[in-house]
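This report refers to the structure that appears directly beneath it.
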Amino acid sequence: MLQHNILWLDVNSSDPMSSFRTKLGDAVTFTDVNGCIQYIKSHPHESIYLIVSGSFAKEIVPEIYESSNLEQIFLFCGSVASYSEWGMDYCDKMMMFDHGDGLLE
(Lines of atoms letter the chains of each structure in order from A and count residues from 1; the text may use other names and numbers.)
(Lines give C-alpha, C1' and ligand atoms only; values in the text may rest on other atoms or scores of the structure.)
Protein backbone atom coordinates (compact mmCIF):
# COMPACT_ATOMS: atom_id res chain seq x y z
CA MET A 1 0.00 0.00 0.00
CA LEU A 2 1.31 3.44 -0.94
CA GLN A 3 1.65 6.11 1.69
CA HIS A 4 0.96 9.73 0.84
CA ASN A 5 3.25 12.50 1.98
CA ILE A 6 3.16 16.25 1.56
CA LEU A 7 6.59 17.80 1.17
CA TRP A 8 7.11 21.52 1.51
CA LEU A 9 10.27 23.11 0.09
CA ASP A 10 10.66 26.76 1.04
CA VAL A 11 13.12 28.88 2.99
CA ASN A 12 10.31 29.61 5.49
CA SER A 13 8.98 26.05 5.82
CA SER A 14 10.57 25.48 9.22
CA ASP A 15 9.09 28.68 10.69
CA PRO A 16 6.54 27.49 13.29
CA MET A 17 4.66 30.79 13.04
CA SER A 18 4.02 30.44 9.31
CA SER A 19 0.32 30.29 8.45
CA PHE A 20 1.09 27.51 5.96
CA ARG A 21 2.84 25.53 8.70
CA THR A 22 -0.24 25.56 10.90
CA LYS A 23 -2.53 24.50 8.04
CA LEU A 24 -0.24 21.80 6.64
CA GLY A 25 0.31 20.13 9.98
CA ASP A 26 2.58 17.14 9.55
CA ALA A 27 4.06 18.03 6.16
CA VAL A 28 7.71 17.08 5.76
CA THR A 29 9.56 20.38 5.43
CA PHE A 30 12.79 21.25 3.64
CA THR A 31 14.75 24.45 3.31
CA ASP A 32 17.26 23.07 0.79
CA VAL A 33 16.79 21.47 -2.62
CA ASN A 34 19.25 18.60 -2.18
CA GLY A 35 17.60 17.32 0.99
CA CYS A 36 14.21 17.34 -0.70
CA ILE A 37 15.52 15.51 -3.79
CA GLN A 38 17.15 12.87 -1.59
CA TYR A 39 13.90 12.33 0.29
CA ILE A 40 11.91 11.85 -2.93
CA LYS A 41 14.45 9.41 -4.35
CA SER A 42 14.77 7.44 -1.12
CA HIS A 43 11.00 6.96 -0.64
CA PRO A 44 9.90 5.26 -3.89
CA HIS A 45 6.86 3.65 -2.27
CA GLU A 46 5.31 6.90 -1.08
CA SER A 47 3.06 9.10 -3.20
CA ILE A 48 4.62 12.55 -2.99
CA TYR A 49 2.79 15.85 -3.22
CA LEU A 50 5.31 18.69 -3.32
CA ILE A 51 4.67 22.32 -2.44
CA VAL A 52 7.60 24.40 -3.66
CA SER A 53 8.30 28.11 -3.56
CA GLY A 54 9.14 29.95 -6.74
CA SER A 55 12.68 30.54 -5.53
CA PHE A 56 13.40 26.78 -5.67
CA ALA A 57 11.10 25.66 -8.50
CA LYS A 58 13.43 26.01 -11.48
CA GLU A 59 16.14 24.13 -9.61
CA ILE A 60 14.15 21.18 -8.28
CA VAL A 61 11.32 20.55 -10.76
CA PRO A 62 13.54 19.39 -13.67
CA GLU A 63 15.40 17.07 -11.27
CA ILE A 64 12.35 15.30 -9.84
CA TYR A 65 9.71 15.64 -12.54
CA GLU A 66 10.16 12.10 -13.90
CA SER A 67 10.05 10.47 -10.44
CA SER A 68 7.34 7.82 -10.52
CA ASN A 69 6.30 8.56 -6.93
CA LEU A 70 5.75 12.28 -7.59
CA GLU A 71 2.00 12.76 -7.91
CA GLN A 72 1.66 16.55 -8.03
CA ILE A 73 3.73 19.71 -7.71
CA PHE A 74 2.14 22.84 -6.30
CA LEU A 75 4.22 25.91 -7.16
CA PHE A 76 3.60 28.84 -4.85
CA CYS A 77 5.04 32.03 -6.29
CA GLY A 78 4.64 35.78 -6.28
CA SER A 79 3.49 35.90 -9.90
CA VAL A 80 2.11 32.99 -11.92
CA ALA A 81 2.79 34.99 -15.10
CA SER A 82 6.52 34.91 -14.32
CA TYR A 83 6.53 31.10 -14.40
CA SER A 84 3.82 30.32 -16.95
CA GLU A 85 6.03 29.86 -20.02
CA TRP A 86 8.62 27.81 -18.14
CA GLY A 87 5.89 25.78 -16.44
CA MET A 88 4.33 24.60 -19.71
CA ASP A 89 6.89 21.77 -19.86
CA TYR A 90 5.58 20.46 -16.53
CA CYS A 91 1.87 21.28 -16.74
CA ASP A 92 0.61 17.70 -16.41
CA LYS A 93 2.04 17.43 -12.87
CA MET A 94 2.31 21.05 -11.77
CA MET A 95 -0.22 23.63 -10.65
CA MET A 96 0.76 27.24 -9.96
CA PHE A 97 -0.62 29.54 -7.30
CA ASP A 98 0.14 33.11 -6.33
CA HIS A 99 -2.28 33.20 -3.42
CA GLY A 100 -2.05 30.95 -0.36
CA ASP A 101 -5.79 30.45 -0.02
CA GLY A 102 -6.03 28.90 -3.48
CA LEU A 103 -3.17 26.55 -2.74
CA LEU A 104 -4.60 25.32 0.54
CA GLU A 105 -8.13 24.65 -0.75
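Per my numbering, the sequence shown starts with residue 6, numbered consecutively.
Think of the CB as a built atom: it goes at the ideal place given N, C-alpha and C, for glycine as much as any other residue.
Just so you know, these numbers come straight off a predicted model, no measurement behind them.
- For asparagine 39, the enclosing alpha helix (DSSP H) has its first and last residue at 38 to 47.
- Note on geometry: alpha-carbon atoms of glycine 83 and aspartate 103 lie some 5 Å from one another.
- In the displayed model, tyrosine 54 falls within a strand according to three-state DSSP.
- Assigned with DSSP and collapsed to three states, glutamate 71 falls in coil, not helix or strand.
- Boundaries of the beta strand (DSSP E) around valine 33: 33 to 35.
- Per DSSP, methionine 101 is one residue of the beta strand (DSSP E) stretching across 99 to 102.
- About 25 Å separates the beta carbons of serine 87 and isoleucine 45, which is beyond the 8 Å limit, so they are not a contact pair.
- Shown here for glutamine 8: same chain residues with a beta carbon closer than 6 Å to its own, the five before and five after excluded, namely Glu51 in chain order.
- Here the alpha carbon of phenylalanine 35 sits roughly 13 Å from the alpha carbon of alanine 62.
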